[in-house]
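Enquirer: Here it is, the structure, as structure tokens.
8 protein chains.
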Amino acid sequence: MKNLRQLPFEDLGFAKVDHHRAVRHGMPEVILGQGKHPDQVAGIAQALLAKSSNLLLTRATAEMAARVSALAPETEYFPASGVVRVWRDKTLHGKGKIAAICAGTSDLPVLEEARLTAEVMGNNVEVIVDVGVAGIHRLLYQRERLMEARVAIVCAGMEGALPSVVGGLVGCPVIAVPTSVGYGASFNGLAALLGMLNSCSSNVTVVNIDNGFGAGYVASLINRL
Amino acid sequence: MKNLRQLPFEDLGFAKVDHHRAVRHGMPEVILGQGKHPDQVAGIAQALLAKSSNLLLTRATAEMAARVSALAPETEYFPASGVVRVWRDKTLHGKGKIAAICAGTSDLPVLEEARLTAEVMGNNVEVIVDVGVAGIHRLLYQRERLMEARVAIVCAGMEGALPSVVGGLVGCPVIAVPTSVGYGASFNGLAALLGMLNSCSSNVTVVNIDNGFGAGYVASLINRL
Amino acid sequence: MKNLRQLPFEDLGFAKVDHHRAVRHGMPEVILGQGKHPDQVAGIAQALLAKSSNLLLTRATAEMAARVSALAPETEYFPASGVVRVWRDKTLHGKGKIAAICAGTSDLPVLEEARLTAEVMGNNVEVIVDVGVAGIHRLLYQRERLMEARVAIVCAGMEGALPSVVGGLVGCPVIAVPTSVGYGASFNGLAALLGMLNSCSSNVTVVNIDNGFGAGYVASLINRL
Amino acid sequence: MKNLRQLPFEDLGFAKVDHHRAVRHGMPEVILGQGKHPDQVAGIAQALLAKSSNLLLTRATAEMAARVSALAPETEYFPASGVVRVWRDKTLHGKGKIAAICAGTSDLPVLEEARLTAEVMGNNVEVIVDVGVAGIHRLLYQRERLMEARVAIVCAGMEGALPSVVGGLVGCPVIAVPTSVGYGASFNGLAALLGMLNSCSSNVTVVNIDNGFGAGYVASLINRL
Amino acid sequence: MKNLRQLPFEDLGFAKVDHHRAVRHGMPEVILGQGKHPDQVAGIAQALLAKSSNLLLTRATAEMAARVSALAPETEYFPASGVVRVWRDKTLHGKGKIAAICAGTSDLPVLEEARLTAEVMGNNVEVIVDVGVAGIHRLLYQRERLMEARVAIVCAGMEGALPSVVGGLVGCPVIAVPTSVGYGASFNGLAALLGMLNSCSSNVTVVNIDNGFGAGYVASLINRL
Amino acid sequence: MKNLRQLPFEDLGFAKVDHHRAVRHGMPEVILGQGKHPDQVAGIAQALLAKSSNLLLTRATAEMAARVSALAPETEYFPASGVVRVWRDKTLHGKGKIAAICAGTSDLPVLEEARLTAEVMGNNVEVIVDVGVAGIHRLLYQRERLMEARVAIVCAGMEGALPSVVGGLVGCPVIAVPTSVGYGASFNGLAALLGMLNSCSSNVTVVNIDNGFGAGYVASLINRL
Amino acid sequence: MKNLRQLPFEDLGFAKVDHHRAVRHGMPEVILGQGKHPDQVAGIAQALLAKSSNLLLTRATAEMAARVSALAPETEYFPASGVVRVWRDKTLHGKGKIAAICAGTSDLPVLEEARLTAEVMGNNVEVIVDVGVAGIHRLLYQRERLMEARVAIVCAGMEGALPSVVGGLVGCPVIAVPTSVGYGASFNGLAALLGMLNSCSSNVTVVNIDNGFGAGYVASLINRL
Amino acid sequence: MKNLRQLPFEDLGFAKVDHHRAVRHGMPEVILGQGKHPDQVAGIAQALLAKSSNLLLTRATAEMAARVSALAPETEYFPASGVVRVWRDKTLHGKGKIAAICAGTSDLPVLEEARLTAEVMGNNVEVIVDVGVAGIHRLLYQRERLMEARVAIVCAGMEGALPSVVGGLVGCPVIAVPTSVGYGASFNGLAALLGMLNSCSSNVTVVNIDNGFGAGYVASLINRL
């Protein structure tokens, strides 16, 4: 590689699409729908689909999903999480399983975003739902499945305690995702975020509140190693 | 007890219903409606009603209430607080009275959530309304009723001062519930929450903002002792 | 009782000592040493000891401890927690055991404040140390001892997850004490406090950060019921 | 008066002393010691004493007090509050009494700053100490003294509930002073500040945390009306 | 008066109407519409109008206004501020003028709430609009009008600097009202609130964000002295 | 100029229009639409257009835009940013180019507000879009264009890192505009704001969140020097 | 494995030493010195050294270091970071290199804690210092070294922008460590923390402020995969 | 310019000294003493002095000052602000005057840091002290001096209102520096910071709390244009 400035990207005027990211991260650029106009989303999607089999669009509206569907008939739309996915190349890249766990039923949309991301990046994802720490036996019941994971994603709102407990049970890296589930002093996920940052389990790192995508992305990078 | 992992729960896919909670806490699992789909709420309610006479669903929408009503004709819906209740077994478990007090008329929905919870858990609840500290004579007028309580629940928004004053008048445990009533520097109940946490009355403990349910739950546990 | 205004208190000029509190709460007034001059502490202690066998002074300096020792030779001083105690009347008032649990070794001073308070108020206290959630087997090992408690006090810093896990294991009321143990985003106990307020275990109430005294006090009131 | 720009002030280089303030507010400029060098304090004090009988210096160190004493032998120093006062002209300007009330013994230094300010501005100050809301009978006992005040200053830390209760008892304006007394979730007086700003008593206004001076100043202005 | 507990109030079930407040504060109880049901508002209004010529209802919806209009044909409704007023007894109680000042056009609704409150409490109110500190000449132009006031109310959003400047120009008490006008780092009035609490003008006290009512109320109490 | 108080302004009752600002800042008063009634906006616009060729109205609704269009047929409306502009006098006042840069597509509305402001104040604006730091080569590719600027405006949400990187590349002043683009722990732009205030590039100053107008304004003042 | 409750730990009274952690995480329990008494630290260290070749103690005082040195002559003490290390078994467990990068010279202590942790866990660590984003060429100069890493640790204070830029350059997982380096609006690392949580680079996860240990720990777990 | 990566810097191991900054910004790298070891400071200073006549070191201890003095006899040390300066080349680069203004005497150290920075970068600085908004006549008295400035620096703590007032008086860019002067709800400068960010004067930009250096630096860049 000669010079960083000569890395390829495509200028759409309102966006510069980074086709080189697929080379660097093994994954084409992902579109964050939030704050973009459907026209902008469609334009970026078209540019990406011209060079890639797969596409991931997060925080999408139904209108954005329709616009992408018009470009690729295989498009899937998941309204609970707002994910739009084109998954044509299903090659496995991950060497093992990713465990994706959530504390409560209300955390499912965030878990879904994480799962869809990890899948489109070529991973087997093992999903474990509603194993919050107030009924610890439900989690312990899943212990064998947890132990098989090479990397774990743990989504939890409210007090955000689940990653610490999971982190103590497994020996693999744990990516904690605070969710905005809760009310009052949860302050839209701040309580869970602070809890996870202060985890007494040393194998825990944290992503932004409700950032299932980021967790799925990093878990995928780790699972390829 | 053999093994914690063998405690019973029922896996609905999107939720794991903890039937053993009734054994541990003397109360079936309570459903928090917020963040759940009506289908999920109905599924959990069905599973719980199959094994229990009573049911409590909090933060429910009218649609959720209708779904539960379809399962149990005795279903009551309280739109101010969003509580849905099936109260078929009205056995008294509490040994004395629970006083449930609120500072202002706007705190009534939170008080209602606390009262309905305590009732369905088998308690006599004595309700005292609109006795905020700016007219202290209104509270003092109720002093005899306060003194009869084995445990008191005090809901207040704005400056959240009422639990401290009540706590000084009575000798029993006081559970303080900050409410999100107020504006500006109340910061959606933060002012009341901080006030209650710093109470100079030593018999005060605190639950989350607007958590009438939690207060009713703990008061019920205490009243059984 | 005729009139609230005729309740007895003793005016020291800089303080009004509330001798009637012993009647209302079954416990003489407790002195918070923080922010008071040693002379003031000694004055209040003298007034209280004139009418009471026992005395509790929290957040005390060594100088304050010496001043109280000069008044009562039985005075004990616990420098880790800063508690000064005169415990001459050791009558038991609690009907069962209070479990006092802490997550880590660094939480011991707060646990000590809770234990000393509960003891001087006439309780048997069962202490369980260093059972943080990152090694959940250490907690589960103590499960029988936990199940025997009528009320539990749980002290934890960092993410403050222990009360939720304990709350799920036991059926009794749990009083959660966030501690200021931690660094960075623990923000001097704020993370633990928020976590506990958002606990998914319904039997948890919360007191102020590092307020072992308050937890011991309320647990004692509950244990008398 | 022709032009605002021609109002008198005296330029000391590091400070511009506003001699006209005595005309506008009936009180010479007050020196805030915090953040100033003793030389600067002494310079400003000298300039003020050249034109005024009285002087008030707040948040002063012992060294600052000594420097002022060297300028005026009548200088008083109050180390608890850090106030330095030269009070040679004791003319009464206030038409009635100012009640100065504090919730606990630890609030005394802030109360002292308020009292000394009001006195040097020519007021009779009625001091009421340690009447926090956890023992409401202590406050009610003082009710006649409260009712005589034309304006009340109420200092409280922790939950800061006292101004609301006092505000409900009296009909006069109440100036609430949150103090930094407390620990943990008092966040150095933030809890008390928020509580007072959200007071349900309509006759309460608020000054900065620990700002006894400001409360004494405004109370004095009101008492002259 | 014998006993505080015998003060009169009227129990409506959902509210306890404090008729004695008119005796203590010279003003009947004021209704805060926010958080109340229109039926509750109408019930309280009816109880108050049975004993009082005037009525003030703040933060009211149009429906609430209609309900009060049905009770009293003289009812005025001010939709910008949400105030409902019945002003039949227009006796002047204030001894001088109250200046009511706002920094920008967007602060007018808060100013209106303050003005209507002060008027119904019997005061002449001098209104000065749009004199924010970025064009200081507009304020200085009003200097004579400012100097005539016995007490000043100053409403400002954004940086909230106007009370400090006004406070330096006048010698009377200044009641500062932070408004939620602004965006971004104004944090819904927090910036203005903090600014006013830290005012370098000693004659400034502060009320809650957008609390025009409170400012009008206290200004009225002061103006009667 | 004799006296600041004699500076011209025009009193519309609800607003005081500052015609002298054009003299002081070389730019007529700008109208912030937010919080104003369309009638008020139209009134101020009319007063300004009577004395000025150009007009800028920010945070405008479509209705406000229509009202201004009725006054001046040249009116342009930009719905993405909410800017309304009358740009009849297109004289250049800036001596060089202003670079206006944004990190992502979602930051475009804030960038637009900055660009439109700078243009109406007489500047050539060079726009560079979607050069966020996660693909640093896209920014480096624009390096020559950056180096030509006399002053740079950099808009970024999320972590707000772009101004630091741009600041290190150029030698001119950089005005950083945090945007509210992001979710979760972006706290509506707070993360970006704090990041920019702590920039390790010494040539960076900051304006309020989403304040594209302020950045365009100051950049214009600098570019005239 | 039979039963989680039978996992081995050793009870020291004030601590329960988890010898099984070495099995689960491939690393003996690490001692956090902060908040512990030197006697407690020495006791835990002795228990651990009885079963393990290596030891890691973080946030240690010189006294704690001396106590550990008395137990093991190979003890190293690093006063800048407060790390105490016994590194007798230097077996390599990591499959590739860990890059450990910091933005400025003041971040070196945090970087040191990360490096020492990763080394004692059996990794080659490549250290890159003082490559903050304000001089981006210094970072780009290190690009080849960055590209060789299997996982990267990036420590930065102030605006915390470096992880985003590094994350865009490399394809491996990046663990971001906010440091408390900075002043004013850095709020002891909060600004950097929020920045990192909002990183626009998808391969970034975050640990607590100044938590170099956690970053080194997780990087080691990843590097073994 | 060929390649950004070939820009010169000097690697000291613990620091990479950026000699090219002098080319880009016309100013050698400035050393932030805070968080660095005196040896590190001395090493960087030696490297810089080898290529530059002038040197600026901020937030320095007396020991750091002594170390630099040993390298250059012309070294000046300003203990109030902690600035160390070597000012051998006094060439003027600024085209006009920079006004440096502070609200109170306690803001002088921050003002000093700004002034020393601007001077060493080749500017005439006009200093105006103690013109806070509570005595607006003191500021207006300086109006002519203000009007002569090409750029203004305004330092203020507490409510931070001065930049808005100055911004309204002058037509040039204003750089606002919030200071940590104040107490209580100033929250170490947060109140002033928020105030300045919300300034209603459009010509104001803001730097970090107490960042006199940054203000002096940017003012210097502007004054060269």
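Those sequence lines, one after another, are chains A, B, C, D, E, F, G and H.
Using my numbering, count along the first sequence one by one with no gaps and you end on 225.
Using my numbering, count along the second sequence one by one with no gaps and you end on 1225.
Using my numbering, count along the third sequence one by one with no gaps and you end on 2225.
Using my numbering, count along the fourth sequence one by one with no gaps and you end on 3225.
Using my numbering, count along the fifth sequence one by one with no gaps and you end on 4225.
Using my numbering, count along the sixth sequence one by one with no gaps and you end on 5225.
Using my numbering, count along the seventh sequence one by one with no gaps and you end on 6225.
Using my numbering, count along the eighth sequence one by one with no gaps and you end on 7225.
Ideal Cβ placement from N, Cα and C applies to all residues, glycine included.
Determine, for Ser4186(E), whether the minimum Cβ-Cβ distance to residues of chain H falls below 8 Å.
Expert: Residue 4186(E) sits at position 186 when you count from the first residue of the fifth sequence. Answer yes: the Cβ-Cβ gap between Ser4186(E) and chain H drops below 8 Å somewhere.
Enquirer: Can you tell me which of the three DSSP states Ile1175(B) falls into?
Expert: Position 175 of the second sequence, counted from the start, is the residue given in the question as residue 1175(B). Strand at Ile1175(B).
Enquirer: Chain G partners of Met5158(F), CB-CB under 8 Å?
Expert: Position 158 of the sixth sequence, counting from 1, holds the residue named residue 5158(F). Under the 8 Å cutoff, chain G gives Asn6198, Ser6199 and Cys6200.
Enquirer: Is there contact between the stretch 41-60 of chain A and the stretch 5118-5135 of chain F, where contact requires at least three CB pairs shorter than 8 Å?
Expert: no
Enquirer: With DSSP collapsed to three states, give me the class of Tyr1217(B).
Expert: Here residue 1217(B) refers to the residue found at position 217 when the second sequence is read from its first residue. DSSP places Tyr1217(B) in the helix class (H, G or I) of the three-state scheme.
Enquirer: For Met6001(G) and Arg7059(H), what's the separation of their Cα atoms in angstroms?
Expert: Working through the seventh sequence from its first residue, we reach residue 6001(G) at position 1. Working through the eighth sequence from its first residue, we reach residue 7059(H) at position 59. With a pLDDT of 40 at Met6001(G), under the threshold of 50, the modelled position of this residue cannot be trusted; read the value that follows with caution. Their backbone Cα atoms lie some 58 Å apart in a straight line.
Enquirer: Taking the alpha carbon of Ile6101(G) as the reference point, which residue from Val6154(G), Leu6146(G) and Pro6109(G) has its own alpha carbon closest?
Expert: For the purposes of this step, residue 6101(G) is identified with residue 101 of the seventh sequence, where counting begins at 1. Comparing Cα-Cα distances from Ile6101(G) to each of Val6154(G), Leu6146(G) and Pro6109(G), the minimum goes to Val6154(G).
Enquirer: Can you grab the Cα-Cα spacing for the pair Ala1134(B) / Pro4008(E), in whole Å?
Expert: For the purposes of this step, residue 1134(B) is taken as the residue at position 134 of the second sequence. For the purposes of this step, residue 4008(E) is taken as the residue at position 8 of the fifth sequence. In a straight line, the C-alpha of Ala1134(B) is about 14 Å away from that of Pro4008(E).
Enquirer: Quick check: Leu7162(H) and Ala7103(H), are their CB atoms within less than 8 Å of each other?
Expert: Along the eighth sequence, read from residue 1 onward, the residue named residue 7162(H) stands at position 162. Along the eighth sequence, read from residue 1 onward, the residue named residue 7103(H) stands at position 103. In contact: Leu7162(H) and Ala7103(H) (Cβ atoms closer than 8 Å).
Enquirer: Using 8 Å as the cut-off, can you tell me whether the stretch 4180-4192 of chain E makes contact with the stretch 4205-4216 of chain E, which would need three or more C-beta pairs spanning the two stretches below that distance?
Expert: The answer is yes - the stretch 4205-4216 of chain E touches the stretch 4180-4192 of chain E, with three or more Cβ pairs under 8 Å.
Enquirer: Output the residue ranges of the beta strand (DSSP E) runs that lie fully inside the stretch 3035-3080 of chain D and measure 3 residues or longer, sorted by chain position.
Expert: 3055-3058 and 3076-3078
Enquirer: Would you say Gly2135(C) faces chain G, with C-beta separation under 8 Å as the test?
Expert: For the purposes of this step, residue 2135(C) is taken as residue 135 along the third sequence, with counting starting at 1. Yes, its Cβ sits closer than 8 Å to a Cβ of chain G.
Enquirer: Take Gln5142(F) and list the residues in its own chain whose beta-carbon comes closer than 7 Å to its own, dropping the five residues that flank it on each side.
Expert: Position 142 of the sixth sequence, counted from the start, is the residue given in the question as residue 5142(F). If we look at Gln5142(F) and ignore the five residues flanking it on each side, its Cβ neighbours are Ile5128 and Val5131.
Enquirer: So Tyr3217(D) contacts chain E; which residues on that side make the cut at Cβ distance below 7 Å?
Expert: Numbered from 1 along the fourth sequence, position 217 holds the residue referred to as residue 3217(D). Within 7 Å Cβ-Cβ: Ser4202 and Asn4203.
Enquirer: Is it right to say Pro4173(E) is buried, meaning 16 or more other beta carbons lie within 10 angstroms of its own, or is it exposed?
Expert: Counting from one through the fifth sequence, the residue named residue 4173(E) turns up at place 173. Answer is buried; the Cβ neighbour count reaches 16.
Enquirer: Give me the subset of the stretch 7019-7044 of chain H whose CB atoms are less than 7 Å from a CB atom of chain F, sorted by chain position.
Expert: Arg7024, His7025, Gly7026 and Val7030
Enquirer: Run the CB neighbour count on Glu159(A), radius 10 Å, all protein chains shown included, and call it buried at 16 or more, exposed below.
Expert: The sequence position of residue 159(A) within the first sequence is 159, counting from 1. Counting every other CB atom within 10 Å of its CB across the protein chains shown gives Glu159(A) a total of 16 or more, marking it as buried.
Enquirer: Give me the DSSP bridge partner(s) of Asn4124(E).
Expert: For the purposes of this step, residue 4124(E) is taken as the residue at position 124 of the fifth sequence. For Asn4124(E), which the question treats as bridged, DSSP gives the partners Lys4097(E).
Enquirer: Answer yes or no: do Lys90(A) and Arg150(A) have a C-beta to C-beta separation smaller than 8 Å?
Expert: Within the first sequence, residue 90(A) is the residue found at index 90, counting from 1. Within the first sequence, residue 150(A) is the residue found at index 150, counting from 1. Lys90(A) places its beta carbon 8 Å or farther from that of Arg150(A).
Enquirer: Residue range of the alpha helix (DSSP H) that Ala6192(G) falls in?
Expert: Residue mapping note: residue 6192(G) aligns to position 192 of the seventh sequence, counting from 1. Leu6190 to Leu6197 is the span of the alpha helix (DSSP H), which, as asked, contains Ala6192(G).
Enquirer: Taking the Cβ atom as the reference point for each residue, do Pro7028(H) and Leu7071(H) lie within a distance shorter than 8 Å?
Expert: As a working note, residue 7028(H) is residue 28 in the eighth sequence. As a working note, residue 7071(H) is residue 71 in the eighth sequence. Not closer than 8 Å, so no.
Enquirer: Near Gln7034(H), which residues of its chain fall below 6 Å by C-beta distance, leaving aside the five closest residues on each side in sequence?
Expert: As a first step, residue 7034(H) must be located in the eighth sequence, where it is residue number 34. If we look at Gln7034(H) and ignore the five residues flanking it on each side, its Cβ neighbours are Arg7059.
Enquirer: Please work out which residues of its chain come closer than 6 Å, Cβ to Cβ, to Ser2106(C), disregarding the five sequence neighbours upstream and downstream, and give them in chain order.
Expert: Along the third sequence, read from residue 1 onward, the residue named residue 2106(C) stands at position 106. So the qualifying residues of the chain are Val2181.
Enquirer: Does the separation of the CB atoms of Val4068(E) and Val4084(E) fall below 8 Å?
Expert: As a first step, residue 4068(E) must be located in the fifth sequence, where it is residue number 68. As a first step, residue 4084(E) must be located in the fifth sequence, where it is residue number 84. Yes, they are a contact pair.
Enquirer: DSSP three-state label for Gly2013(C), please.
Expert: On the third sequence, position 13 is the one that residue 2013(C) refers to. Coil, per DSSP.
Enquirer: Pop quiz: Arg224(A) and Gly43(A) are said to be a contact at Cβ under 8 Å. What is the actual Cβ separation, rounded to whole angstroms?
Expert: As a working mapping, residue 224(A) is identified with position 224 in the first sequence. As a working mapping, residue 43(A) is identified with position 43 in the first sequence. Beta-carbon to beta-carbon, Arg224(A) and Gly43(A) are separated by about 30 Å, too far to satisfy the 8 Å threshold.
Enquirer: Exposed or buried, which one is Asp11(A) when buried takes at least 16 other CB atoms within 10 Å?
Expert: The count along the first sequence starts at 1 and reaches residue 11(A) at position 11. When all chains shown are included, Asp11(A) counts as exposed.
Enquirer: So for Leu4032(E), helix, strand or coil by DSSP?
Expert: As a working note, residue 4032(E) is residue 32 in the fifth sequence. Correct three-state label for Leu4032(E): strand.
Enquirer: Rounding to the nearest angstrom, what Cα-Cα distance links Ser5199(F) and Ala1156(B) in this structure?
Expert: Here residue 5199(F) refers to the residue found at position 199 when the sixth sequence is read from its first residue. Here residue 1156(B) refers to the residue found at position 156 when the second sequence is read from its first residue. Ser5199(F) and Ala1156(B): Cα-Cα distance of roughly 43 Å.
Enquirer: Measure the C-alpha to C-alpha separation of Leu6197(G) and Gly3168(D) and round it to an integer number of angstroms.
Expert: Numbered from 1 along the seventh sequence, position 197 holds the residue referred to as residue 6197(G). Numbered from 1 along the fourth sequence, position 168 holds the residue referred to as residue 3168(D). Each residue's alpha carbon lies about 47 Å from the other.
Enquirer: Quick one: which chain H residues come within Cβ less than 8 Å of Lys3095(D)?
Expert: Numbered from its first residue, the fourth sequence carries residue 3095(D) at position 95. Within chain H, no C-beta atom comes nearer than 8 Å to that of Lys3095(D); the closest sits roughly 26 Å away.
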